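Notes follow the structure.
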Amino acid sequence: MKNLNFKIIVSFLGLTSMLNGFFMLIAVPFSIYYNEPEKLGILQAGLTTILLGFLLWFFNRKAKKNLGKKEGYIIVTLGWLMLSFTGTLPYVFTGAIPNFTNAFFETISGYSTTGSSILTDIESMPKGILFWRSATHWIGGMGIIVLTVAILPLLGIGGMQLFMAEAPGPSADKMHPRITETAKRLWLIYFSLTFVEFFLLKFAGMTWFDAINHAMATMSTGGFSTKNASMAHYNGMPIIQYIVTAFMFIAGTNFVLTYFALKGKIYKVFKSEEFKYYFFGVIGTTLIITLIIINFQDPNLVTTIDHPKPWGSNESAFRHAAFQVVSVLTTTGFVTADFTMWSSLATMIMFSLFFIGGSAGSTSGGVKIVRHIIIIKNSVLEFKKLLHPNAIIPVRYDGQGIPKNIVFNILSFFVLYMGIFIISSVILSLFGLDFQSAMGAATSSLGNIGPAIGSVSPVDNFNHLSIPAKWMCSFLMLIGRLELFTVLILLTPFFWRKN
Numbered sequence: 033m034k035n036l037n038f039k040i041i042v043s044f045l046g047l048t049s050m051l052n053g054f055f056m057l058i059a060v061p062f063s064i065y066y067n068e069p070e071k072l073g074i075l076q077a078g079l080t081t082i083l084l085g086f087l088l089w090f091f092n093r094k095a096k097k098n099l100g101k102k103e104g105y106i107i108v109t110l111g112w113l114m115l116s117f118t119g120t121l122p123y124v125f126t127g128a129i130p131n132f133t134n135a136f137f138e139t140i141s142g143y144s145t146t147g148s149s150i151l152t153d154i155e156s157m158p159k160g161i162l163f164w165r166s167a168t169h170w171i172g173g174m175g176i177i178v179l180t181v182a183i184l185p186l187l188g189i190g191g192m193q194l195f196m197a198e199a200p201g202p203s204a205d206k207m208h209p210r211i212t213e214t215a216k217r218l219w220l221i222y223f224s225l226t227f228v229e230f231f232l233l234k235f236a237g238m239t240w241f242d243a244i245n246h247a248m249a250t251m252s253t254g255g256f257s258t259k260n261a262s263m264a265h266y267n268g269m270p271i272i273q274y275i276v277t278a279f280m281f282i283a284g285t286n287f288v289l290t291y292f293a294l295k296g297k298i299y300k301v302f303k304s305e306e307f308k309y310y311f312f313g314v315i316g317t318t319l320i321i322t323l324i325i326i327n328f329q330d331p332n333l334v335t336t337i338d339h340p341k342p343w344g345s346n347e348s349a350f351r352h353a354a355f356q357v358v359s360v361l362t363t364t365g366f367v368t369a370d371f372t373m374w375s376s377l378a379t380m381i382m383f384s385l386f387f388i389g390g391s392a393g394s395t396s397g398g399v400k401i402v403r404h405i406i407i408i409k410n411s412v413l414e415f416k417k418l419l420h421p422n423a424i425i426p427v428r429y430d431g432q433g434i435p436k437n438i439v440f441n442i443l444s445f446f447v448l449y450m451g452i453f454i455i456s457s458v459i460l461s462l463f464g465l466d467f468q469s470a471m472g473a474a475t476s477s478l479g480n481i482g483p484a485i486g487s488v489s490p491v492d493n494f495n496h497l498s499i500p501a502k503w504m505c506s507f508l509m510l511i512g513r514l515e516l517f518t519v520l521i522l523l524t525p526f527f528w529r530k531n
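Per this note's numbering, the very first residue in the sequence shown carries number 33; after that it's consecutive.
Here it is in structure tokens:
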């Protein structure tokens, strides 16, 4: 294999940095509107990021346009690191989060759409910084790499390798034969749904600032809120929580299916095997949690974050159950209640959802539902093969046989995922976390979920973690967002060998 084209890699990192800087500048008008002194720090951060990106691009703009698989993996991983490091500048330059470790944790939590936070008083933060914090979610939701793929043809660069490395989860569906058109349509759907949710939340009673921030955090399945109590702040406004629940569900659905639904091809949505498991799984789990809350909830427990009183009705039990099930399953991480107070059974059910994730082709994290479907089907086939060892029985999904290499890839992913979860839990326990908190922090970071169990429950945050633990969680957020292989392949010796 030919040598790596390092110039095109650096050139692309420059483009990524410039785009990130322009997004930072969007936060400046918010700071000006609220007459905040931090506007100068945000402006400085944006201009610095743009200048850095311009220099990287300018001195490598004449690089050869050939882009192979290896360059694709390097660009995606380093691109996310570039976003995360430059994304800390608004926090550092304004003094909102002066500690670099904390600033990096908050930033990569945003871009990876994890939603874990080190902030102890969110509502005291400057509005410009809060908008930037939510914007990191929105940028990372669909992936700034995919956004850039849409403009790469203007530079004479093909983008298929980047899209394949960035696309969230296995998906055989295609919206359009040209990857550039696919990226553009994905972003159009993403932007449109964000705007619709913003309008509905504003109409339902949120301020325009809170509405736009929560809309960005919802559609990215991120979970950063502008309120200390997260969505529990709106426990007295059920319509807002129902709107957010609906859009979290949409965000956790394969965007290709969303595209078909918007085109009026509803039959394609319900033909999807993954969507049927997703849809009925949400309904079934919600009903189970609702019954647990109604029948087994101790009324003396503090069941909601900002309202320490018993449940007022079956409706509220259903609403909080639905909200938390969808929030955890889609890895959004918004909270309306502390689900760890819903009895040990409910806590175990919620914790099990941490390992499922949303649909492939959505902005959610986790293992993804389609992988679980194929793993279960393959396991059932193994029993059949014990009785019929000579039979050739393929794993079928959506009525089609799945090639063995895809099945093996999914099995490898799951084994690797669980292995990383176990090892990282042990490492985090060595960094001072108790057993439950270590597991919670590990699975939350790896699955890009946010609130977990133990000392990182919905009523806590990650500020108390040691510096090594924060960096460990940051690494887990990165590899979880890029689905393990994209990052970990760079750590293998054979990746760097010349063939």
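Even for Gly, the Cβ is constructed at its ideal location relative to N, Cα and C.
No experiment lies behind these values; they were computed from the predicted model shown.
Counterpart residues of residue i in DSSP-defined beta bridges
i      : result
Gln432 : Tyr429
Cβ separation of residue i and residue j, assumed to be a contact under 8 Å, to the nearest whole Å
i      : j      : result
Tyr429 : Glu515 : Contact flag wrong, Cβ pair sits at about 18 Å.
Asn480 : Thr126 : Rounded, the Cβ-Cβ distance is 26 Å, inconsistent with contact.
Thr133 : Lys502 : 5 Å
Phe307 : Ser149 : With 8 Å as the limit, Phe307 and Ser149 do not qualify as a contact, their Cβ atoms being about 31 Å apart.
Ser396 : Thr363 : 5 Å
Leu522 : Thr109 : 6 Å
Asn260 : Ile405 : Actually they are not in contact, since the Cβ atoms of Asn260 and Ile405 sit about 38 Å apart, beyond 8 Å.
Ile381 : Ile401 : Ile381 to Ile401, Cβ: 16 Å. No contact.
Val360 : Leu385 : 5 Å
Ile58  : Ala128 : Contact flag wrong, Cβ pair sits at about 17 Å.
Leu448 : Ala474 : At roughly 14 Å, the Cβ-Cβ gap does not stay under 8 Å, so Leu448 and Ala474 are not in contact.
Pro66  : Lys159 : First, the amino acid is wrong: residue 66 is Tyr here, not Pro. Indeed they touch by this definition, with Cβ atoms about 4 Å apart.
Val314 : Phe281 : 7 Å
Ser477 : Ala470 : That pair is no contact at about 11 Å.
Phe287 : Gly172 : Not really, about 15 Å apart at Cβ, beyond 8 Å.
Leu218 : Ile272 : Incorrect: roughly 27 Å between the Cβ atoms, too far for contact.
Three-state class that DSSP yields for residue i in the structure shown
i      : result
Trp112 : helix
Ser345 : coil
Phe494 : coil
Trp374 : coil
Thr80  : helix
Tyr66  : coil
His169 : helix
Met50  : helix
Phe463 : coil
Pro122 : helix
Phe256 : coil
Ile58  : helix
Lys39  : helix
Val519 : helix
Asp330 : The pLDDT assigned to Asp330 is 46, lower than 50, so where the model puts this residue is not dependable, and the model offers no usable value.
Ala392 : coil
Phe387 : coil
Phe91  : coil
Arg513 : helix
Asn134 : helix
Lys400 : coil
Ala236 : helix
Met382 : helix
Leu151 : coil
Proximity to residue i [Cα-Cα], best of the options
i      : options                           : result
Gly486 : Ser461, Asp466, Ala501 and Phe86  : Asp466
Phe117 : Gly142, Ile321, Asn327 and Ile58  : Gly142
Val276 : Ala135, Ala249 and Ser156         : Ala249
Gln432 : Val491, Tyr274 and Lys409         : Lys409
Tyr266 : Phe241, Ala278 and Gly237         : Gly237
Leu497 : Leu87, Gly46 and Thr152           : Thr152
Phe54  : Glu103, Asn495, Trp164 and Leu377 : Trp164
Thr253 : Arg217, Gly284 and Val488         : Gly284
His246 : Gly365, Lys303 and Ile140         : Gly365
Thr518 : Leu121, Gly78 and Lys102          : Lys102
Thr121 : Phe230, Gly464, Ser444 and Leu79  : Reading the sequence as shown, one finds Leu at residue 121 and not Thr. Per the Cα distances, Leu79.
Gly482 : Ile499, Cys505, Leu460 and Gly464 : Cys505
Trp170 : Thr139, Ser156 and Trp528         : Thr139
Lys303 : Leu289, Lys295 and Leu294         : Leu289
Tyr442 : Glu414, Ile407 and Tyr291         : In the sequence under discussion, the amino acid at residue 442 is Ile, which differs from the Tyr named in the question. Closest by alpha carbon: Ile407.
Lys436 : Tyr222, Leu413 and Asn493         : Leu413
Ile321 : Tyr309, Ile271, Pro270 and Ser376 : Ser376
Gly316 : Ile161, Tyr291, Ala354 and Phe279 : Ala354
Ser49  : Pro69, Asn37 and Ile107           : Ile107
Ala484 : Lys39, Gly472 and Lys297          : Gly472
Proximity test, residue i beta-carbon vs the ligand COA heavy atom, cut-off 7 Å
i     : result
Leu47 : The model depicted lacks the ligand COA and carries no ligand whatsoever.
Notebook entry, point to check: Can we say the segment 97-106 touches the segment 445-463, given the rule of at least three CB pairs closer than 8 Å?
Noted result: no
Next item on the list: Specify whether the segment 415-432 and the segment 163-176 touch according to this definition: at least 3 beta carbon pairs, one from each stretch, less than 8 Å apart.
Entry: no
Checklist line | Three or more C-beta pairs below 8 Å linking the segment 344-358 and the segment 320-327 | finding: yes
Check: Touching or not, the segment 487-496 and the segment 76-91, by the rule of three or more beta carbon pairs under 8 Å?
Finding: no
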